[in-house]
Structures are given as structure tokens and as C-alpha cells.
Amino acid sequence: MSRSYCNQAGELLVPQLSLPSRKKNIVGVLEEANAPPPSFDPKVAAELLEKGQVETPELGRLAKLAPFGPVAIRLLRLFDRQDLEIRDVVSMVASEAAVTSELLALVNSPLFGVQGTITEIRRAVAFLGIDRTRALAVTLAMRSLLEGAPKTPILRRIWKHSVGAAVIAELLAPAFGISNDVANTAGILHDLGRIGLLTAYPEPYAALAVHTHESDEAILAAERKEFGMDHCQAGQFLSEAWRFPRVLQEVAARHLESPSGLDVLSLVQTSCRLASGLGLSAVVHEEQEGVPETIENHVPPAIRMRVAEMMRASDRQIFDRIESLDF
Numbered sequence: 113m114s115r116s117y118c119n120q121a122g123e124l125l126v127p128q129l130s131l132p133s134r135k136k137n138i139v140g141v142l143e144e145a146n147a148p149p150p151s152f153d154p155k156v157a158a159e160l161l162e163k164g165q166v167e168t169p170e171l172g173r174l175a176k177l178a179p180f181g182p183v184a185i186r187l188l189r190l191f192d193r194q195d196l197e198i199r200d201v202v203s204m205v206a207s208e209a210a211v212t213s214e215l216l217a218l219v220n221s222p223l224f225g226v227q228g229t230i231t232e233i234r235r236a237v238a239f240l241g242i243d244r245t246r247a248l249a250v251t252l253a254m255r256s257l258l259e260g261a262p263k264t265p266i267l268r269r270i271w272k273h274s275v276g277a278a279v280i281a282e283l284l285a286p287a288f289g290i291s292n293d294v295a296n297t298a299g300i301l302h303d304l305g306r307i308g309l310l311t312a313y314p315e316p317y318a319a320l321a322v323h324t325h326e327s328d329e330a331i332l333a334a335e336r337k338e339f340g341m342d343h344c345q346a347g348q349f350l351s352e353a354w355r356f357p358r359v360l361q362e363v364a365a366r367h368l369e370s371p372s373g374l375d376v377l378s379l380v381q382t383s384c385r386l387a388s389g390l391g392l393s394a395v396v397h398e399e400q401e402g403v404p405e406t407i408e409n410h411v412p413p414a415i416r417m418r419v420a421e422m423m424r425a426s427d428r429q430i431f432d433r434i435e436s437l438d439f
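Each residue of the sequence shown is one higher than the one before, starting from 113 at the first, in the numbering used here.
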């Protein structure tokens, strides 16, 4: 399966959608029930989100989502900067008390095996390093998006898939020539659109996710029918509106396409499939491949054996990391 969201210039595109008409919404947009549905312009949608519109005919409840906190947003927008200094990151993190406390709790957890207790954010950032601090801040921001949704088995399943894909992406990063923390950040963000839809429409999305579908395409079609957009499109809208770096926008929009290289996008596409192959599917479908089949069918031959060995050696580590970041 391959679905393109780019034109020849490399710009992300979304097919025009015919969305269901809506009655008067919170911002006073009035539509009669029999009015023709509006055509969907993704750039307009992104602008509406960035302006903080509460609800629009184009985006519905998705527009209610609050962006990530300022710390995560600023760290993401500096995603590919190599000249950041620790003092700059410390200043950013210290400006948001919730992030500071969560990061300190995490760095002192068994996940990192710290000797003694770290109580200062300066020491925590120095211990973690800039890239790891950024990756953890983004993970915490993604988790905070779900705080408004009911804590159901579906929510935990979707979250575990996101974390699983991030952990696997970090594990496989050396084989793809990608830095570990770039891989982790891209992996945790790949299902931004699904988490956005679940948060905006908790009961309808849970009802959709509880069923076994025929294929990924069937899941996307069901999402478009129910919400006027699928989770890949929703991820594109949110990542554009929040001005994430281009590579992260592509990951959110194109993670279900088949891997075709050794870049960040291909790494996440592979990791998403492998997470599902380990039984960590966000939404189950009948065409789901196991880990051996995924490696055989989707990993480039040059690194296939290395990836297989990495997965065999790290099975327990993957699940331990997932549990450490669970709700």
C-alpha cells in the first residue's frame, strides 16, 4: 500500500474532501442541514487551528485541541538546530513548572537508573543531554494531549502503540543512520492525528477502534466517513498548524506508506509496522503482519539481518520502556 501526500515540489497535499454539513457551532458558523458541504483546503484548516478557532465546519472538534505546551513547541521548532546549549534548554524547561516536575520524576525513575536523586532541572538536563531532554519533553506533551480523554483500554492501546513505535525507532536508528533521539521524537509523534481524533471524539473513535478492520485502508476509510478526515490527514493539519519541522509533518501524514529508503520517514514507517507486529496495534486489521514478515517485506535488504537481530535481542527492553511511560 502506498498513498502519496506530496506533489513534485515535495509539498504536502491532501485530497479535497466533501465533509458533512454541520449546524450552528460554537463560533457562530451557521449552516443549514441541507446546505452543500464546504470544500476542504488544508492550508485554511491549518490557519484556523493556529488562530485558535474553537470549532469550524472544516475541522469540527479537532480545532478545540490545545497545542503542546510552549516548552515542547519551542524544542520541536529547534529540532534540527545543532548550536543549542544546555543553559538554553534548562531555561526553556524551567519556564514551565509541569514539565519541570514531570521531567524530574522521569529522570529519577528506574528507567534511567540514577544513583541518588536529581532535584535540579539543570542537573537533569545535563544528565539527559539536549536531545534526550527534547525527546522526553515531546513524549510528555503527547501524553498530556490524552488527559482529557477517558482512560479506556482503547486509549491505552493507542498510547502503547505510539510509545512502542518510538522505542523501536530509537532501537533501529543506528541501522538507518539516524540519531537515537531524532528517531524517538519522530516515532512518538507519528500518530499525532489518531491521538487528536481520539481526544476530540473519544466515544466515536473508541467505537471505531474496538473493531477489527480489513486493512489500513479500511481503517482510513472508516475514519473519513465518521470524522471527515483520516488520522493521517488530521496529523498533517495539527503538525502544520503547530509549525512542526517539515520532517515531522511528513511523519504524521505519511507513516502508513511503505518504507522506501533509510531516512527518518522510512524508519518510522518500519517501526510503526514492527510495533503492530509485536501485538501493539493501535487499531487491529486482518492484514497485520508479524515481525518476521514485516522485516522480510519492508526492511531494505542491506540492513534486514541487522534489524532482525536487533528486534530479537531487545524484545523485553521494548516492553519495559513502554511500561515505564504508561499512564
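All C-beta atoms, glycine included, are put in the ideal place defined by N, C-alpha and C.
Quick caveat, the model's predicted, so the values are computed rather than measured.
- The bridge partners DSSP lists for His-397 are His-325.
- Taking a C-beta distance under 9 angstroms as the contact criterion, Gly-276 and Ile-434 qualify as a contact pair.
- Two segments are said to touch when three or more pairs of C-beta atoms, one from each, lie closer than 8 angstroms; by this definition the region 372-391 does not touch the region 311-330.
- A straight-line Cα-Cα distance of about 33 angstroms links Glu-398 and Phe-356.
- One Cα belongs to Glu-208, the other to Ala-414, and the distance between them is close to 44 angstroms.
- With a cut-off of 8 angstroms on Cβ pairs, the region 278-294 is not in contact with the region 217-235, counting fewer than three such pairs.
- Taking the Cα of Lys-176 as reference, the smallest distance to any Cα among Leu-392, Thr-311 and Met-423 is reached at Thr-311.
- Within the same chain, Ser-383, Leu-386 and Ala-387 come within 6 angstroms of Ile-280 by CB-CB distance, once the 5 residues on both sides are set aside.
- Judged by their CB atoms, Leu-257 and Leu-218 are not nearer to each other than the 9 angstroms cut-off.
- Check the Cα spacing between Ser-351 and each of Ile-430, Asp-243, Ile-331 and Val-250: the tightest is with Val-250.
- Burial is judged here by how many other beta carbons sit within 10 angstroms of a residue's own beta carbon; Thr-245 has at least 16 and is buried.
- With contacts defined by Cβ atoms closer than 9 angstroms, Pro-182 and Ala-353 do not form a contacting pair.
- Taking all protein chains shown into account, Asn-296 has 16 or more neighbouring C-beta atoms within 10 Å of its C-beta and is therefore buried.
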